[in-house]
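Q: Could you have a look at this structure, given as structure tokens, before my questions?
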Amino acid sequence: MRLINYKNLFYKQLLISLVTVLFSTTLQAQNWAPTPHLEVQGEARLSLDADKVDIHASFTAEHQDSQLAIQDLEQDFKLLLRELSRQVPKGARLEAGQINISPRRTQQGNTWQITGYTASRDLKLIDLPVTEAGKWVEKIAAGKPNQLGPLQYHSSQTSQSRNPALKAALKDAQNKAELMATSLGHKLGRALQVQEISSPRVAAQKMLMAADMVNESSGLELAPGKVEATARVNVVFELLN
14 MRLINYKNLF YKQLLISLVT VLFSTTLQAQ NWAPTPHLEV QGEARLSLDA DKVDIHASFT
74 AEHQDSQLAI QDLEQDFKLL LRELSRQVPK GARLEAGQIN ISPRRTQQGN TWQITGYTAS
134 RDLKLIDLPV TEAGKWVEKI AAGKPNQLGP LQYHSSQTSQ SRNPALKAAL KDAQNKAELM
194 ATSLGHKLGR ALQVQEISSP RVAAQKMLMA ADMVNESSGL ELAPGKVEAT ARVNVVFELL
254 N
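In my numbering, the protein residues as written are 14 to 254.
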């Protein structure tokens with residue numbers, strides 16, 4: 014009587030099955046073709062009118078006693094803040110920072126000694142129309158800040174859109190793709206993939222000025238000029254016959 018080795022028979026059948034699946038998969042891969050496509054990059058750079066400005070100012074007071082330094086600072090700062098708050102135009106906002114106190118040190122020999130304290134506080138006027146920039150610089154300068162500026166100009170279009178140049182970059186990519194597809198004898202299909210390959214960047218124009226220079230001028234006029242927005246995208250389009 015002949016004995017059947019079921020173990021060897023099982024492995025032979027398994028091997029045959031694997032070869033069949035592999036052969037079938039290979040045939041499918043040979044018959045498969047990727048969707049005809051075209052990959053392009055689009056770029057845009059927009060020059061925007063700077064119609065808004067942020068004004069920064071810093072106020073300080075010094076005294077040998079820290080509490081008296083704070084009192085001297087707040088005595089004038091609160092009056093200025095109250096006066097300015099009544100006149101802030103619609104759409105703009107006035108922000109007052111926290112009080113900071115820092116020791117003033119002097120070196121005597123090999124040791125350092127605290128000889129006084131400096132109290133400081135920042136003031137910001139945000140989203141002010143540029144047409145009123147000169148007037149408000151003079152108002153803030155009247156409070157005798159130790160530093161006035163920077164003045165940061167920007168466009169209101171950047172607050173209405175994540176990046177104003179993004180739409181133009183996509184249009185640039187589409188125009189390039191249409192030109193290339195037509196040259197190759199194809200028609201441009203739908204966008205298969207869109208990727209923003211650069212973070213949104215809007216360059217704001219800054220201006221620094223000395224507080225004493227503002228105090229000596231009258232009828233100050235500021236010309237902000239332009240700010241720039243840029244965007245870059247990568248788009249894959251379908252190619253049609």
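We put the beta carbon where it would ideally sit given N, CA and C, even for glycine.
(1) What's the call for Ser133, buried or exposed, on a 16-neighbour Cβ count within 10 Å?
(2) When the Cα atoms are used, what is the spatial distance from Ala109 to Leu138?
(3) So, using beta-carbon positions, are Phe72 and Asn159 closer together than 8 angstroms?
(4) Once you ignore the five residues that flank Arg214 on each side, which residues in its own chain have a CB closer than 6 angstroms to its CB?
(5) Express the C-alpha separation of His167 and Ile68 in angstroms, rounding to a whole number.
(6) Locate the beta strand (DSSP E) running through Val150, then write down its first and last residues.
(7) From which residue to which residue does the beta strand (DSSP E) around Lys103 run?
(8) On the CB-based measure, 16 or more other CB atoms within 10 Å of its CB, does Leu40 come out buried or exposed?
(9) When you compare the CB positions of Val240 and Leu61, do they come within less than 8 angstroms of one another, or not?
(10) Within 10 angstroms of the Cβ of Gln165, are there 16 or more other Cβ atoms? Answer buried if so, exposed if not.
(11) Would you mind giving the Cβ-Cβ distance between Phe81 and Ala105, rounded to the nearest angstrom? I have them listed as a contact below 8 angstroms.
(12) Where do the N-terminal and C-terminal ends of the alpha helix (DSSP H) with Ala182 fall, by residue?
(13) Mapping the DSSP letters down to three states, classify Gln170 as helix, strand or coil.
(14) Quick one: measure Cβ to Cβ for Leu136 and Ile112, integer angstroms, because I've assumed they're closer than 8 angstroms.
(15) In angstroms, rounded to a whole number, what distance separates the CA positions of Asn188 and Gln208?
(16) With 16 as the cutoff for other CB atoms within 10 Å, does Ala155 come out buried or exposed?
(17) Buried or exposed: where does Leu86 fall if 16 or more other Cβ atoms within 10 Å of its Cβ makes it buried?
(18) For Ala74, which residues does DSSP report across the bridge?
(19) If we ignore side chains and look at the alpha-carbon of each, how far apart do Gly2 and Val150 end up?
(20) For a test of the three-state rule: what should DSSP assign to Ile67, helix, strand or coil?
(21) Would you mind reading off the limits of the beta strand (DSSP E) that contains Thr119?
A: Let me lay it out:
(1) Looking at its Cβ environment, which holds 16 or more other Cβ atoms inside 10 Å, Ser133 is buried.
(2) Rounded to whole angstroms, Ala109 to Leu138 spans 9 angstroms at the Cα level.
(3) Going by C-beta atoms, Phe72 is nearer than 8 angstroms to Asn159.
(4) Confidence at Arg214 is low in this model, with a pLDDT of 49, below 50, so the placement of that residue should be treated as unreliable; the coordinate-derived value is given next. In chain order, Thr243 place their CB closer than 6 angstroms to the CB of Arg214, counting only its own chain and leaving out the 5 sequence neighbours on each side.
(5) If you take the alpha carbons of Ile68 and His167, they lie about 11 angstroms apart.
(6) Per DSSP, Val150 belongs to no beta strand (DSSP E); it is in the alpha helix (DSSP H), Ala146 to Ala154.
(7) Per DSSP, Lys103 belongs to no beta strand (DSSP E) and is neither H nor E.
(8) Confidence in Leu40 is poor, its pLDDT being 41 and thus under 50, which makes the residue's placement too unreliable to answer from.
(9) A contact, by the Cβ cut-off of 8 angstroms.
(10) By the 16-neighbour rule on beta-carbons within 10 angstroms, Gln165 is buried.
(11) Going by the sequence as given, residue 81 is Leu instead of Phe. Leu81 to Ala105, Cβ: 34 angstroms. No contact.
(12) Looking at the DSSP string, the run of the alpha helix (DSSP H) that includes Ala182 is Leu179 to Ser196.
(13) If DSSP states are grouped into helix, strand and coil, Gln170 belongs with the helices.
(14) Their Cβ separation, rounded to whole angstroms, is 12 angstroms, which puts Leu136 and Ile112 out of contact at 8 angstroms.
(15) Roughly 17 angstroms separates the two Cα atoms.
(16) So Ala155 ends up on the exposed side.
(17) By the 10 Å Cβ count, Leu86 comes out buried.
(18) Listed as beta-bridge partners of Ala74 by DSSP are Ala132.
(19) The first residue shown for the chain is 14 and the last is 254, placing residue 2 beyond what the model contains.
(20) Here residue 67 is Asp; the residue named in the question, Ile, does not match the sequence. Strand, per DSSP.
(21) Asn113 to Gln121 is the extent of the beta strand (DSSP E) around Thr119.
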